[in-house]
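The sequence shown lines up with residues 950 to 1173 when you count with my numbering.
Before any comments, here is the structure.
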Amino acid sequence: MQDPAADIAYWAQVAAFNATSIVTLARKAPAATAENTASAYYAADQVVSGIAGSGGTQALLQAYLNAPGNAARQAAATAALNATSAQLDTLLASAGTLDAALDSGGAEAMPTVLFGSACAFLQPAGGSTSWWTANNWANTTFYQISDRVRPASGKLQVNGTGTHRVVALSAGRALGTQNRATRTTVNFLEGINADTSRDGDARSPVAVFSNAPVSATFNDRLGF
């Protein structure tokens, strides 16, 4: 029973982590008394509240339609429409984040559970206010493995030397024309680190990396 029990404990932790993350993104953390202001529920409530009521968008628009020559009513209706539009954008973003949490791919079929508290910051629950979550650390951290099996020595090189099995990179702040909204390596990394072979599925990425002091044109940080 030892191995089955360990498997059950493992998957129970996976389920608990995912459940906490999903409910937090949907509305609020299980033990929280206040709504998560970044949740889909909160955003939807803001939209409904902004539209309904005597001071809502619907009422202000109707007031303007009843007196189309009234500049004050026109201004109030326009401001209300703009506010509702912004709230809808927030709702779509929150719903998109929740939807992404519900989706999964082949790489997520065997999720990692961090048993040590020292590494817990690497996988915080959705909606967490930690620095790591707020700064989206996972979006700027990359790694490359030399081989699918663990050889005695790897093929990855940094600055032309080494036989590394894995290289990890953390992107610094955006430099020059880098646009983090475009998910290509050139918008995160510099030099050969941003080689286009590392875009998309990266089936045959180059095995070389570059490392240099932080400057106006390079701020990747490497671990190998």
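C-beta atoms are modelled at their ideal positions from N, C-alpha and C, and glycine is treated no differently.
Where residue i falls: helix, strand or coil (DSSP)
i       : result
Gly1055 : For Gly1055, the pLDDT reaches just 47, beneath the cut-off of 50, and the residue's location in the model is therefore unreliable, leaving the point undetermined.
Ser1119 : strand
Ala1127 : A quick correction: the sequence has Gln, not Ala, at residue 1127. It is coil, neither helix nor strand.
Leu1138 : coil
Val963  : helix
Thr1027 : helix
Val1098 : coil
Val921  : An answer regarding residue 921 cannot be provided, because it is not within the stretch 950 to 1173 covered by the chain.
Thr1090 : strand
Val1163 : coil
Gly1178 : Examination of residue 1178 is not possible in this model, given that the chain is present from 950 through 1173 alone.
Arg1147 : helix
Ser1003 : coil
Thr986  : coil
Thr1133 : coil
Ala975  : helix
Own chain, CB closer than 8 angstroms to residue i, minus 5 neighbours either side, in chain order
i       : result
Asn1168 : Ala1120, Gly1121, Arg1122, Leu1124, Glu1139
Leu1030 : Thr1006, Leu1010
Residue range of the unbroken beta strand (DSSP E) whose run includes residue i
i       : result
Thr1110 : 1110-1113
Gly1172 : 1170-1172
Val1107 : 1105-1107
For residue j and residue i, believed in contact at Cβ under 8 angstroms, the rounded distance
i       : j       : result
Ala1117 : Gly1045 : About 28 angstroms separates the two Cβ atoms, so there is no contact after all.
Ser1043 : Ala968  : Incorrect: roughly 18 angstroms between the Cβ atoms, too far for contact.
Asn1136 : Ser1159 : No, Asn1136 and Ser1159 are not in contact; Cβ-Cβ is about 17 angstroms, not under 8 angstroms.
Asp1148 : Thr1134 : 6 angstroms
Thr1033 : Val996  : 7 angstroms
Val1107 : Gln1093 : Rounded, the Cβ-Cβ distance is 11 angstroms, inconsistent with contact.
Same chain only: Cβ atoms within 7 angstroms of residue i, ignoring 5 sequence neighbours per side
i       : result
Val1098 : none
Leu1041 : none
Tyr990  : Ala975, Arg976, Glu984
Ala1101 : none
Residue range of the unbroken alpha helix (DSSP H) whose run includes residue i
i       : result
Leu1009 : 1006-1015
Val997  : 989-1000
Beta-carbon contacts of residue i that lie in its chain and below 6 angstroms, excluding the five residues immediately before and after
i       : result
Ile971  : Ala1050
Ala1012 : Arg1022
Ala1156 : Lys1104, Leu1105
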